[in-house]
Structures are given as structure tokens and as C-alpha cells.
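Single-structure report; data block below.
Chains as they are written, first to last, in my numbering: chain A, 720 to 997; chain B, 720 to 997.
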């Protein structure tokens, strides 16, 4: 391949999507690990949260967003949402020609690697837990004992900014109790909001339980794939970061910074339903 | 009008909608006060919750649902959702020919009537509080002092079934503290989920604060309008209750009973986007 064309391919953006803000923790991890990569984010804030929606609905939303991002000429697609990874990864892998990375497999791999005694806990939304996708991903690659717990109050707790107080600690206590009773030695944070609860989660589990941040694990997987395919960006200029949402760009701009760990600007609203009619 | 035609008009159903389950507390109140009325409910579970969505999005969802219910030949439309009442009542009142009842004005009226010292507190979702709609509705009919508080954790707390424990009590304590410091003597439950927190809310406010259940107030308003227009059902047979949702009918059937206070059957899924394309 002539060097110029190859360079043009390398410098295409990576597309990342989630139901809302949460996936910004994944985008933040990708941006930290791969600072030269151009990134495009889509937050489906008209349908947020996915955790309580049906599989059919989440697959439909995911396909619509993937179409939108592929029209933006991305080189790789990251499903930065646990529920969408659980429900739509295999569908999207079949229907698009670029590599697709979810957050489930990388998180499962990291957990298996870190669970010294092979006892893994999983926390996530109702949808993620009910899908059993982390459970299956861990079982596929190891004989570890796996225990799951849905934690529907964690997302609103984080979004309310109550991720460090006494109430958060009590709620964490209730949800983790059955997992700790199983003597887990690794805990998968199976929702992109949960990295913001890391401090209290770590306090609740104690030093013997390794917290597995699937945002970080997914970002490492993206690097590995691009490296293997010789598709890492060789751009010298500062990477561009673009943000699209399906509702409420102002709110996204305001709250998103908390998840992205930097200020967010120029968020644009896209009408997905209009796109589908095309 | 010939008696037969009039009777046919009278026995048309009442349409009721909400973003999810919450409006079932309104449907339950209507069914209790008007047991002969046929009722059709629509829960927009593909977009739930509305509380964090933009005005434009909520107006669009509401219009789509109103079109669907009007095709079902309803005689009156109840917006059993505080956020949708705040954002879409005036739009729907202009665009449809049947009477439309929201939950805001009836709640505001009941609060003004019950606040002995004219100091009214309002609790609701972010969307309802930001819209200031209860505030404006109270101010329009009285000189009462009004204080608002958004309580984003209440909805997931109720949906998790934690509406009676210590954590709920603590969260209620945090949210009500600033309102109680203002010596309110009536508190509007500005979200259809909140009646399920009544017990703990009442414990937190004490006997001097009157709790205003807007679900009940809206049901009384429906009765008043139908009475005035001579459109109350004269059917002798048992009323029919129908349920439609935009996602997850099984989950709705399972959880809905908690809000409707009776078992729910035969929930049907409707694809609103497909309807819009017609």
C-alpha cells in the first residue's frame, strides 16, 4: 500500500458510543493510552439508560449509532457501554467491516488474570447482569467461580454527584455484601459509571479484592488491535475529539466533563430517527 | 343528541400516558374514583425516564403517544407524567380536540387549598423542577411562598423496591432538609413514583406538613370534567383496562402491579417510531 494512503487510513478516527455520559470514562482511557488518535463519541441521551431496556431496543439503538459513526469514516468502533456490549457486540461484529471492541471481553480477561484464587465478582446494571454476558465471557476463558450483583442505584448516585458520601457507602454496602460473602478476589466494575465509585468500592472490598476497571481494559484492547493491524495513528498534530448526542447537548457538555476528566466543548445534537429514515 | 349516540360517546375510553410505570399510580386513582370508565394506558418504556430529557424530546414523545391514543378513540387524555405535563400540556391542549388533563394544575390547586400558612414545598425530577411548572401553577392561583427540590434518586429507589428502608429514609432526609428549613406546610409529590414513598416522606415531614398526591388530584379533575360535560360512562359492565408500552412488556407486566396496586395483564408492545412514519 502506498505510504500516503496507508497514513490516511491510520489517521481515521475511532468511534465510541454509549447510552449517555458513562462511556466517556472509556473515551478518557483511550485518549490517555492513545493520545494521538482522533476520537468521535456518540451519547444516546434520548434513550439513556440502556440498562433497563430490552435486548431488541438496545440492538436497534446500537445499529443506528454504528451507521452514523461509520458514515463519519471511523477505522474502529468501541461499544463503550456494558449493556450494548452485552446485547449488540456479536450483531455489530457481523454487520460492519471494521473491528468492533466491546467492554465485556477485555474486562473478563483482566479479571481472570488478576483473580488469584479464581473467585470473581461482577457488578453492573440490571440489563448487563441479566444478560449474563460477563459471566459467560469469564466462563469461556477460565474455570473461575463467578458471582453477579445488579446495582441499579449506582448510576443515579454517580450522576447526582453523591459518589463519595455516607449514602453511597451504605448503598455499596448493601450491594456488595452477598459478593463479599463469597470471598471474591477480583471485582469487575461492569458499568462505565462505576469507575467514579472506585474509592468507596475499594474501601468496601478491602485490599484483597482487585478492582477491574473495564474502561481501562477496553482501551488497552483497542491499542492492541490497532498495533496488530498497523493502524495506529502517525499524526503529529493534536488529536481531535468530537462529541455527538441524541438529546440535551448542553447538559452533556456540563456533566460530561466529570466522566471525561477534562472539559468538553462543541457537543452536537443528532436526530437518530431522522438518520434511520434515510 | 339521541340517547344511543350519547351513550356511545360516554363509553369511549380515557387515555392515560407516562414515560414508564409511574403513571399507573394515576391510572389506579382514576380507576378507584371512576370504576366504570374504560382505561387505556401507554408507558413509553423505550424512552423512560423523561425527567432527564430535553423539552423538545419530551414534546415529541408526547405528541407521538397522543396520536396513538387518539386513534384508539379516547374521550379524554391524561398526561400522567409530571415532566410531560410540564413540557407538553399546552402543546397538546392546542393540537387535540378532546379535553387534556395534566398532573400539575390539579396538584397545585390541592396544595394551595391545604397549605394553611401558604408555604408550599415541591419535590420532583430534575426536569419537572427545572421547568418550574408547579412553581408557576401555584403562583398563578395564590400568593403562597414556594420552595422546590429535585430528587433524582427517588425514582430508582422506588423501582428497586427500597422505598421503606433506612437508605430511603437517609436519602429523603438529605432532599427534604432544605424544604423543612423553610417551614413548609404542604408538600407536593411532583412525580408519579413518589406516592410509593408516602410513608417515609410523612415520617420525615411530620404531621404539620400536608402531603399532596398529584395522582389523586388529577383523578378528581378527570371526574369533574367528565361530570361537567355529561360524559361519565353509563356502562353497566366491568370496565376494560388496556396497557401498551414501547419496550419490555414483560417487565412492565411484572413491575407495573406495584404501581397499579393490582395485577396487570395483556401488556402489548407498540413501535412508536413506526407509527410516526405512517
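C-beta: ideal position from N, C-alpha, C; glycine also.
Secondary structure of residue 842 (chain A) (DSSP, three-state): strand.
Within the region 884-899 of chain B, 885, 886, 889, 890, 893 place their CB atoms closer than 8 angstroms to a CB of chain A, listed in sequence order. Residue environment for residue 946 (chain B): exposed (fewer than 16 other C-beta atoms within 10 angstroms of its C-beta). Shortest Cα-Cα distance from residue 929 (chain A) to any of A:763, A:890, A:832, A:787 involves A:832. Residues of the same chain with a CB within less than 8 angstroms of the CB of residue 810 (chain A), apart from the 5 flanking positions on each side, are 778, 781, 782 in chain order.
Membership of residue 737 (chain B) in the beta strand (DSSP E) is indicated by the continuous run 733-737. Remark: fewer than three beta-carbon pairs, one from each stretch, lie closer than 8 angstroms, so the region 851-865 of chain A and the region 848-861 of chain B are not flagged as touching. Secondary structure at residue 880 (chain A): coil, using DSSP grouped into helix, strand and coil. In this structure the region 755-769 of chain B does not touch the region 814-822 of chain B; the number of beta carbon pairs closer than 8 angstroms is below three. With a beta-carbon spacing of about 5 angstroms, residue 801 (chain A) and residue 910 (chain A) fall inside the 8 angstroms limit used to define contacts. When the beta-carbon positions are compared, residue 963 (chain B) and residue 987 (chain B) come within less than 8 angstroms of each other. The region 872-890 of chain B and the region 956-971 of chain B do not touch, with fewer than 3 CB-CB distances between them shorter than 8 angstroms. By DSSP's assignment, residue 867 (chain A) forms a beta bridge with A:841. Residue contact with chain A for residue 772 (chain B): present (Cβ-Cβ distance below 8 angstroms to some residue of chain A). For the options B:844, B:772, B:742, B:814, the alpha carbon positioned closest to that of residue 738 (chain A) is the one of B:772. Within the same chain, and ignoring the five residues on either side of residue 785 (chain B) in sequence, the residues whose Cβ sits closer than 7 angstroms to its Cβ are 796, 811, 815. Secondary structure note for residue 797 (chain A): its beta strand (DSSP E) is the uninterrupted segment 795-798.
Neighbourhood of residue 743 (chain B) in chain A, by CB distance below 9 angstroms: empty, with the nearest CB roughly 16 angstroms away.
Below the 8 angstroms Cβ cutoff, chain A contributes 771, 772, 773, 776 as neighbours of residue 967 (chain B), in chain order. With fewer than 16 other Cβ atoms inside 10 Å of its own Cβ, residue 953 (chain B) counts as exposed. Neighbours of residue 878 (chain A) in chain B, taken as residues at a C-beta separation under 9 angstroms, are given in chain order as 771, 871.
Taking every protein chain shown into account, the CB of residue 933 (chain B) has 16 or more other CB atoms within 10 angstroms, so this residue is buried. Listed in chain order, the alpha helix (DSSP H) runs fully inside the region 956-985 of chain B are 968-979, counting runs of at least 4 residues. A straight-line Cα-Cα distance of about 11 angstroms links residue 844 (chain A) and residue 875 (chain A). Between the alpha carbons of residue 903 (chain B) and residue 869 (chain B) lies a distance of about 16 angstroms. At a cut-off of 8 angstroms, the C-beta of residue 912 (chain A) has no neighbouring C-beta in chain B.
Under the 8 angstroms criterion on CB atoms, residue 765 (chain A) is classed as interfacial with respect to chain B. Here residue 935 (chain B) has 748 as same chain residues with Cβ atoms under 6 angstroms from its own Cβ, once five neighbours each way along the sequence are excluded.
Short of 7 angstroms from the beta carbon of residue 895 (chain B), and not among the five residues preceding or following it, lie these beta carbons of its own chain, in chain order: 923, 924.
Note on geometry: alpha-carbon atoms of residue 742 (chain A) and residue 798 (chain B) lie some 33 angstroms from one another. By the rule that beta-carbons nearer than 8 angstroms mark a contact, residue 875 (chain B) touches chain A. In this structure, residue 857 (chain A) lies away from residue 887 (chain A), with their beta-carbon atoms at least 8 angstroms apart.
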